[in-house]
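Engineer:
In my numbering, the protein residues as written are 1 to 222.
1) Spell out the partners DSSP gives residue 98 in its beta bridges.
2) Since residue 163 and residue 112 should fall inside the 8 Å C-beta cutoff, what is the C-beta to C-beta distance between them, to a whole number of angstroms?
3) Mind checking whether residue 177 and residue 195 have CB atoms under 7 Å apart?
4) Looking only at DSSP bridge pairs, what is residue 172 linked to?
5) Should residue 114 go down as buried or exposed, given a rule of 16 or more other Cβ atoms within 10 Å for buried?
6) Within 10 Å of its beta-carbon, does residue 229 have 16 or more other beta-carbons around it, so buried, or fewer, so exposed?
7) Roughly how many angstroms lie between the CA atoms of residue 63 and residue 138, to the nearest whole one?
8) Would you report the Cα separation of residue 22 and residue 30, rounded to the nearest angstrom?
9) Drop a sphere of 10 angstroms on the beta-carbon of residue 103, count the other beta-carbons inside from all chains shown, and report buried for 16 or more, exposed for fewer.
10) Taking the Cβ atom as the reference point for each residue, do residue 35 and residue 74 lie within a distance shorter than 7 Å?
11) Just curious, the beta strand (DSSP E) that residue 198 is in, first and last residue?
12) Please confirm if the segment 148 to 156 is in contact with the segment 200 to 207, defined as three or more CB-CB distances below 8 Å between the two stretches.
13) Between 32, 130 and 54, which lies nearest to residue 99 when the distance is taken from Cα to Cα?
14) CA-CA distance, residue 182 and residue 84?
15) Could you give the first and the last residue of the continuous beta strand (DSSP E) run that contains residue 49?
16) In chain order, what residues of the same chain lie with their CB nearer than 8 Å to the CB of residue 25, ignoring the 5 residues before and after it?
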């Protein structure tokens with residue numbers, strides 16, 4: 001009887017481990033995610049999606065958002081990303097990160113990828129309503145360096161988009177709306193060499209709060 005009970009207990013433990021192991025392995029294979037906000041925004045703009053990631057099994061140690069001075073040059077923010085990414089790698093023990101950026105945040109993130117060594121530390125990059133090729137709307141916020149850099153034809157954008165727009169061994173995706181009032185033209189949000197996905201008509205500030213967009217991002221970086 002004791003042998004039977006002991007055998008049953010061992011079998012139950014093995015079954016439990018078998019059930020837990022896949023999710024643990026999946027978590028071990030995931031990269032930490034760094035979220036980069038856009039113009040006149042902050043880290044809190046990602047709260048909805050971060051909560052969704054947690055509901056889907058991500059841990060706090062896998063999710064990182066940060067606030068920066070959005071008025072400064074996107075190149076300055078891109079330089080700061082060098083330290084921020086290293087901070088995430090050190091904290092998580094990972095060797096690579098995934099970056100999800102919204103609006104102007106895509107510019108500093110792409111600067112980091114192109115000029116800051118980011119292709120060695122980034123596995124997946126997702127641009128959500130990114131101002132990748134500029135917008136006419138930025139003419140209305142000419143007082144800020146970051147905003148001037150978003151004007152179509154700016155020297156910053158010309159440099160950023162020269163050559164390969166999706167450099168390195170990185171997986172790139174770009175989500176764009178067909179009626180984004182702040183990205184003009186809408187096609188500016190696309191990236192050559194990326195998986196470009198039209199998400200239909202969604203407002204600019206809804207793009208990184210939308211549930212279906214979240215699912216697309218989650219599945220891309222999985």
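All C-beta atoms in this analysis are idealised placements derived from N, C-alpha and C, irrespective of residue type, glycine included. Bear in mind the structure is a predicted one, so any value in this text is a computation, not a measurement.
Structural biologist: In short, the structure shows the following:
1) Looking at the DSSP assignment, residue 98 forms a beta bridge with 33 and 124.
2) Their Cβ separation, rounded to whole angstroms, is 16 Å, which puts residue 163 and residue 112 out of contact at 8 Å.
3) Going by C-beta atoms, residue 177 is not nearer than 7 Å to residue 195.
4) DSSP lists 125 as partners of residue 172.
5) A residue is called buried when at least 16 other Cβ atoms come within 10 angstroms of its Cβ; residue 114 meets this threshold and is buried.
6) The structure shown does not extend to residue 229, since the chain spans only 1 to 222, so no value can be given for it.
7) In a straight line, the C-alpha of residue 63 is about 30 Å away from that of residue 138.
8) Per-residue confidence for residue 22 stands at a pLDDT of 36, beneath the threshold of 50, marking its modelled position as unreliable; the derived number appears in the next sentence. For residue 22 and residue 30, the distance between alpha carbons rounds to 12 Å.
9) Answer is buried; the Cβ neighbour count reaches 16.
10) Result no, Cβ atoms of residue 35 and residue 74 do not sit closer than 7 Å.
11) 195 to 198 is the span of the beta strand (DSSP E), which, as asked, contains residue 198.
12) Because the criterion of three Cβ pairs below 8 Å is not met, the segment 148 to 156 and the segment 200 to 207 do not touch.
13) Here the closest residue by C-alpha is 32.
14) Residue 182 and residue 84 have their C-alpha atoms some 28 Å from each other.
15) For residue 49, no beta strand (DSSP E) segment is defined; the enclosing uninterrupted segment is the alpha helix (DSSP H) at 47 to 55.
16) Unreliable positioning characterises residue 25 in this predicted model, as indicated by a pLDDT of 44, which lies under 50. The coordinate reading is nonetheless provided below. Closer than 8 Å at the Cβ level, and outside the excluded window around residue 25, lies no residue.
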